[in-house]
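Q:
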Amino acid sequence: MTPPISDIFSSLLKAHGSRGWWPLRELRRQDPQSGGYHPGDFSLPVSAAQRFEIGVGAILTQNTTWKQVEVCLDGLERAGLLAPEPLLLAPVQVIEKAIRPGGYFRQKARKLCEYSRFFRQWDPEPPPRPELLSVWGIGEETADSILLYAYKQPFFVVDAYTRRLLERLFGEADPRYASLQEKLTKSFLHLEPVRRAQVFNEFHAQVVHQSKTFCRSRPLCRGCPLESVCASAGRLV
DNA sequence: AGCCAGGCTACCG
DNA sequence: CGGTAGCATGGC
47 MTPPISDIFS
57 SLLKAHGSRG
67 WWPLRELRRQ
77 DPQSGGYHPG
87 DFSLPVSAAQ
97 RFEIGVGAIL
107 TQNTTWKQVE
117 VCLDGLERAG
127 LLAPEPLLLA
137 PVQVIEKAIR
147 PGGYFRQKAR
157 KLCEYSRFFR
167 QWDPEPPPRP
177 ELLSVWGIGE
187 ETADSILLYA
197 YKQPFFVVDA
207 YTRRLLERLF
217 GEADPRYASL
227 QEKLTKSFLH
237 LEPVRRAQVF
247 NEFHAQVVHQ
257 SKTFCRSRPL
267 CRGCPLESVC
277 ASAGRLV
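So that you can map any letter, position 115 of the first sequence is 161 in the numbering used here, and since no number is skipped, the others follow by simple counting.
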């Protein structure tokens, strides 16, 4: 029988250790080994610049890899564009050039401008989710990434990794975002919001790591920490 | 050399 | 509503 979601979280945490999301470039500069991650430290982000960087990263990473996002963040910084005001003043072609390696660079340049305006309006106040969703270019996953990782609000991020992992673990299910999010969060509602946000932060980071190591697009089930509870165990590679 | 990568909007039936 | 074409680059 399927174990409670919280048991899956415990198994992942035990197997992989604390992951330390969201990656921040300042930390990566201080210690390149860290990759910008900060395991066990839920105090971050601590500044408007860091919150903005997380939002920009959340937009840039839409349907691309984090490695490409880092190139784009470097490009923006070199152009002096890693802040709301400069982004709003810059010619769109300059922004596009800086973020080209991330793909969809025309759409994303516009999204960064739309988000800059929104950020200036709300930060440091955590924006209401519907307000965030009304910004052009920000859908449910990007909104929840910003709310959880930039503003420490307890929203679980459902991304492609999460969908794939849940589908493998539980088989076919309701694929709608809200449904998956509810499945993942309902057993944590007794926690205080601050603590719940920390759990969602770590849990989502665990899902991503699990999905990059074992539960990949092409699965590698040997040694998987979830083998004993996975509906697909034995049917995949 | 085609598939995939931490989605979203617009538009279709 | 639910489903999907288009957006674009780079790595494997």
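Backbone N, C-alpha and C define an ideal beta-carbon position, used for all residues, glycine too.
#1: Applying the criterion that 16 or more other CB atoms from any shown protein chain within 10 Å of the CB defines a buried residue, is W68 buried or exposed?
#2: Among the candidates R166, S180, I184 and A129, whose CA atom is the shortest distance from the CA of K154?
#3: Extract the residue ranges of the alpha helix (DSSP H) inside the segment 77–131, only unbroken runs of 4 or more that lie entirely within it.
#4: By a C-beta neighbour count over all protein chains shown, 10 Å radius and 16 as the cutoff for buried, is N247 buried or exposed?
#5: Using the Cβ count rule (16 or more neighbours within 10 Å means buried), how would you classify K157?
#6: Output the distance between the C-alpha atoms of S162 and E171, rounded to the nearest integer angstrom.
#7: Suppose you measure from the CA of T111 to the CA of E218; what does that come to, to the nearest Å?
#8: Is it a yes or a no for the segment 245–261 touching the segment 202–210, going by three-plus beta-carbon pairs under 8 Å?
#9: Count the other CB atoms within 10 Å of the CB of A277; is the residue buried (16 or more) or exposed (fewer)?
#10: In terms of alpha-carbon separation, which member of Y195, T48, L178 and V115 lies closest to V240?
#11: Pair every Cβ in the segment 128–146 with every Cβ in the segment 172–182, then say whether three or more of these pairs are closer than 8 Å.
#12: Between the C-alpha atoms of A61 and P271, what's the straight-line distance to the nearest angstrom?
#13: Taking the Cβ atom as the reference point for each residue, do L128 and L119 lie within a distance shorter than 8 Å?
A: To lay it out plainly:
#1: buried
#2: I184
#3: 94–106 and 112–124
#4: buried
#5: buried
#6: 14 Å
#7: 26 Å
#8: yes
#9: exposed
#10: Y195
#11: no
#12: 6 Å
#13: yes
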